[in-house]
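Asker: Under our numbering, the first residue of the sequence shown is numbered 171, with each subsequent residue one higher.
Using N, Cα and C, we set each Cβ at its ideal position, and we do this for glycine too.
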Amino acid sequence: MAEASGGIAGWFRNIPVFVNQVKAETDKVAWPTRSETVRTAIMVVAMTLILGIFFFAVDWGFSRIVRFLLKLA
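1. For the alpha helix (DSSP H) containing V199, name the first residue and the last one.
2. When the Cα atoms are used, what is the spatial distance from K241 to F225?
3. Is DSSP giving G176 helix, strand or coil here?
4. State the Cα-Cα distance for the pair A211 and T203, rounded to the nearest angstrom.
5. Which of helix, strand or coil does DSSP assign to N190?
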């Protein structure tokens, strides 16, 4: 397939075209502002902490239940 499109030399000739297309697409991206990025990062950290505490509590509760049931046996 490489022979049909110009081989290795054709591939190397297409690199600048690819880079220019990437730059053009990057210019179209709606980048978030600094405050949006900070706000999003804070929300990610907060949700991670909340979920970590929640799953810790659930795991602790289930382990207590299993220990209780094993003592009955």
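Answerer: Put simply:
1. Judged by DSSP secondary structure, V199 falls outside any alpha helix (DSSP H); it is assigned neither H nor E.
2. So the alpha carbons of these two residues sit roughly 24 Å apart.
3. Coil.
4. Cα to Cα, the separation comes out at about 12 Å.
5. DSSP places N190 in helix when its eight states are reduced to three.
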